[in-house]
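Read in order, the letters of the sequence shown are residues 141 to 496 in this note's numbering.
For glycine and all other residues, C-beta sits at the position ideal for the given N, C-alpha and C.
Predicted, not measured: the structure shown is a model, and the values here were computed from it.
The block underneath contains the structure these notes are about, expressed in structure tokens.
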Amino acid sequence: MIDLRSDTVTKPSEEMRAAAADAEVGDDVYGEDPTVNELERRAADAVGRDAAMYVPTGTMGNQIAARVHTDRGQEALVERESHVYKYELGGFAQHSQLQVRTYDGGANGAPNPEQVRAGFVEEDLHRAGTGLLCLENTHNVKGGVPVPADDVAAAARAAHDLGVPVHVDGARLFNAATALDTDAAELLAPVDSVMFCLSKGLGAPVGSMLAGSEAFVEEARRVRKLMGGGMRQAGIVAAPGLQALENRDRLHRDHERAKELAAGLDALDGLSVAEPATNIVLVDTTDAGLTAATLLERCEQEGVRGSTFGEYTIRFCTHLDVGKSEALSSQSESADSDDVDGEAIETAVAAVECAL
Ligand SMILES: *Cc1c(COP(=O)(O)O)cnc(C)c1O
């Protein structure tokens, strides 16, 4: 089975398992887990922030950020198809008593400065005011689209001019940095906080990082405790996270595989696929006369998995385990792993063709 449902389906490598087994640990709620401390230092460096904090999930990281940045009753300005708005159970309302106001980020999901100003609400006797602007990079629903540094900076400048802090949901931040050929720290220089996932394209079994200023992270630690996210000997799960950071350098391969997959699928009758910039491939099934759910059911029979992303939209995600099970079963130990990935993509395209 070639599982392209998500880049979260990867399993920890032997090296990650060994790192977990050998991790030096302590009680992280006391700040005494050396492995977590090391991960937090390296993560902060990777995104050019003063400090970072390990969290169990990206969702928790985003939720903590919202809580730290805002006051009860304020508005958060979020993209209309963003993860924080659509897929976090209304957490901004539940955890931080915020109301959300949406902007339409268009093709890459970022607001232009005019949209930031239009969405801004000034605090007065009747209105609680805008407390936060959220960006998403890469933007998942738009198809893993990276938001370029200029757009991030323009949106952040507009928000800051209005006294509004900016948080980036960077679940796939390093996919963005890779695709843009930009340093992640540079991409984030104009914003106040960022969350990125270790457990997606970077391949860790568990965990995300929330980074910002020293003061922001200090307060974030209190909110993490409040949400029940204070973990004890967390070095066991943080150790694979350290290895995951090393996987930043191989993300370009996932992007190349995604382009191959997209080209292969686009050439099939009935499917329409735009060239992806990162590791997410969105497939329009309209012309095939099949809903995403129906085609995916048939794909499953043929040995490929994806996710429904709309009635006539399928999402396929490339990741570092694509082709791994095939490589093991054919015992092609000497084969270059890039070639194995490539074969898996060809196999996936052939399977979708049979399913049509
Ligand atoms: C996956 C994802 C998250 C949340 O990560 P979890 O670790 O699954 O909670 C947040 N934002 C985006 C854009 C994501 O894709």
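CB-CB length for residue i against residue j, believed under 8 Å
| i | j | result |
| --- | --- | --- |
| Val-256 | Leu-320 | The pair is not a contact, with the Cβ atoms about 21 Å apart (cut-off 8 Å). |
| Val-308 | Leu-275 | 5 Å |
| Ala-432 | Thr-448 | 4 Å |
| Val-377 | Gly-343 | Contact doesn't hold; Cβ gap of about 13 Å is too wide. |
| Asp-173 | Gln-373 | 6 Å |
| Asp-481 | Arg-397 | 5 Å |
| Leu-313 | Ala-295 | Contact flag wrong, Cβ pair sits at about 16 Å. |
| His-395 | Thr-425 | In fact, because the Cβ distance is near 23 Å, the residues do not count as touching under 8 Å. |
| Ala-195 | Gly-369 | Contrary to the premise, residue 195 reads as Val rather than Ala in this sequence. Indeed they touch by this definition, with Cβ atoms about 6 Å apart. |
| His-459 | Asp-147 | 4 Å |
| Gly-269 | Val-261 | 6 Å |
Residue i: CB within 6 Å of a non-hydrogen atom of ligand 1
| i | result |
| --- | --- |
| Gly-368 | no |
| Ala-311 | yes |
| Glu-276 | yes |
| Asn-280 | yes |
| Cys-337 | yes |
| Gly-463 | no |
| Thr-425 | no |
| His-223 | yes |
| Gly-343 | no |
| Thr-210 | no |
| Gly-284 | no |
| Gly-198 | yes |
For residue i, the three-state DSSP class (helix, strand or coil)
| i | result |
| --- | --- |
| Asp-424 | strand |
| Thr-434 | helix |
| His-459 | coil |
| Val-331 | coil |
| Ala-303 | Correcting the residue type first, residue 303 is Gly in the shown sequence and not Ala. Gly-303 falls in the coil class under three-state DSSP. |
| Ala-491 | helix |
| Arg-267 | coil |
| Gly-482 | helix |
| Val-281 | coil |
| Gly-310 | strand |
| Arg-220 | coil |
| Arg-212 | coil |
| Tyr-452 | coil |
| Thr-418 | coil |
| Tyr-227 | coil |
| Val-413 | strand |
| Leu-238 | coil |
| Val-444 | strand |
| Leu-496 | coil |
| Glu-262 | coil |
| Leu-408 | coil |
| Ser-474 | Note that Ser-474 scores a pLDDT of 47, beneath 50, so its modelled location is shaky; the value from the coordinates is reported in the next line. It is coil, neither helix nor strand. |
Assigned exposure category for residue i - 16 Cβ within 10 Å defines buried
| i | result |
| --- | --- |
| Tyr-170 | exposed |
| Ala-161 | exposed |
| Gln-441 | exposed |
| Glu-215 | buried |
| His-266 | exposed |
| Lys-365 | exposed |
| Ser-333 | buried |
| Ala-317 | buried |
| Asp-185 | exposed |
| Glu-415 | exposed |
| Met-141 | exposed |
| Glu-530 | Shown here, the chain extends from 141 to 496; a query on residue 530 therefore has no answer. |
| Arg-362 | exposed |
| Gly-450 | exposed |
| Ala-311 | buried |
| Ala-491 | buried |
| Asp-168 | buried |
| Glu-486 | exposed |
| Leu-229 | exposed |
| Gln-234 | exposed |
| Glu-180 | buried |
| Lys-151 | exposed |
| Glu-437 | exposed |
| Glu-219 | buried |
| Asp-291 | buried |
| Ser-339 | buried |
Near ligand 2: residue i beta-carbon under 6 Å from a heavy atom
| i | result |
| --- | --- |
| Ala-432 | In the structure on display, ligand 2 does not appear, and the ligands it does have are ligand 1. |
*Please go through the region 141-197 and give each complete alpha helix (DSSP H) segment of 4 or more residues, from N-terminal end onward.*
154-162 and 174-186
*Inside the region 317-395 only - beta strand (DSSP E) runs reaching at least 3 residues*: 333-337 and 348-352
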